[in-house]
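Presented below is the structure to which this report refers.
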Amino acid sequence: MEKRLAITEDYLYIPVCADKEDRRMEICLEKEERFPEKLHEFIVPIDGTEDFACDYYAEIPVKELKGKRVSIQADMPASYADRIYNGRKREAPRQEKPLIHFAAHTGWTNDPNGLVYADGVYHLYFQYNPFGLVWNNMTWGHAVSRDLLHWNQEDSVLFPDESGVMFSGCGLTNERELLGLPRDALLFFYTAAGGGNEWSKDLEFTQRIAYSLDGGSTLVKCK
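Using this note's numbering, the letters of the sequence shown map in sequence onto residues 80 to 302.
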């Protein structure tokens, strides 16, 4: 089934039905007189029944797509498609968390990545599956702190793409003005795990570079 949405708000929300059947979902940017451009591919646990319970919503930043239209394709019932929506930032769920150990609001987490300190802020990027409670869809989540005790989860910054899923990497400040980027840029080196999703089928692992010009809030992948 396909759902089409006009993007008018900053986030796309996908229902997650933990422990249900994993199904492949594709999100594409619609273009006039051209084939759609594939933006994302995820494995999402979807309840195939019409009357289902949603455990939580996975969040995809889409601010840069405002004014455009996307299509979401998956083997999903109409009731599930109806609950995919574009909206404003949702309030973080209230839940018990470790006293001094960072924990994501939802989803599955693992290795810390891209640890870097810049302009008084500690950045913790981490291996993250926003779409389930087990390993999959390796993405870089992001959290920030000024004291290493109190953390705020920010938008995820590196999502799986045609080169593979986003494995671990490192981050550094750009004191030498590398890559022709300004001194206040942040640089990141990561592994794209080719073959880790259908989109990158038969590709090898590759080492890749991303950078940030906004203090680490968004990362731009180098082609």
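Glycine included, each C-beta is placed from N, C-alpha and C at the ideal position. Computed from a prediction, not measured in an experiment: that's the story for all the values here.
Evaluate residue i with the Cβ neighbour count: other Cβ atoms within 10 Å of its Cβ, from every protein chain shown; 16 or more gives buried, anything less gives exposed.
i	result
His119	buried
Glu116	exposed
Asp126	buried
Leu203	buried
Arg287	buried
Val213	exposed
Met80	exposed
Indicate whether at least one CB of chain B lies closer than 8 angstroms to the CB of residue i.
i	result
Pro191	Reference to chain B is not applicable here, since this structure consists of a single protein chain.
Since residue i and residue j are thought to touch, with beta carbons under 8 angstroms apart, how far apart are those beta carbons, to the nearest angstrom?
i	j	result
Ser150	Arg83	5 angstroms
Are the Cβ atoms of residue i and residue j separated by less than 8 angstroms?
i	j	result
Val299	Asn276	no
Glu88	Arg167	yes
Pro261	Ile163	no
Gly295	Thr270	no
Thr128	Pro156	yes
Quick one: which unbroken beta strand (DSSP E) runs of 3-plus residues sit fully inside the segment 169-226? Chain order, please.
Secondary structure remark: continuous beta strand (DSSP E) runs of at least 3 residues inside the segment 169-226, in chain order: 187-197, 200-208, 218-224.
Problem set entry | contact_flag[the segment 249-261, the segment 126-136] where n(CB pairs < 8 angstroms) is 3 or more | No: fewer than three Cβ pairs fall under 8 angstroms.
**Message:** For the pair the segment 135-150 and the segment 189-207, tell me if three or more CB-CB distances fall below 8 angstroms.
**Reply:** The segment 135-150, when compared against the segment 189-207, does not touch it at the 8 angstroms Cβ threshold.
- Task: Can you check the segment 119-144 for any beta strand (DSSP E) of at least 3 residues that lies completely inside it and give the ranges in chain order?
- Result: As far as the segment 119-144 is concerned, its whole beta strand (DSSP E) runs of at least 3 residues are 135-140.
- Message: Going residue by residue through the segment 262-298, where are the continuous beta strand (DSSP E) segments of at least 3 residues, counting only ones entirely within it?
- Response: Assignment of beta strand (DSSP E) within the segment 262-298, counting only whole runs of 3 or more residues, yields 265-272, 285-291 in chain order.
Please give the ranges of any beta strand (DSSP E) in the segment 226-261, keeping only runs that are unbroken, at least 3 residues long and fully inside the region. For the beta strand (DSSP E) assignment, the uninterrupted runs of no fewer than 3 residues enclosed by the segment 226-261 are, from N- to C-terminal side, 230-237, 244-252.
TODO: Determine contact between the segment 173-188 and the segment 228-246, defined as no fewer than three beta-carbon pairs at a distance below 8 angstroms.
DONE: The segment 173-188 makes contact with the segment 228-246, as at least three CB pairs between them are under 8 angstroms.
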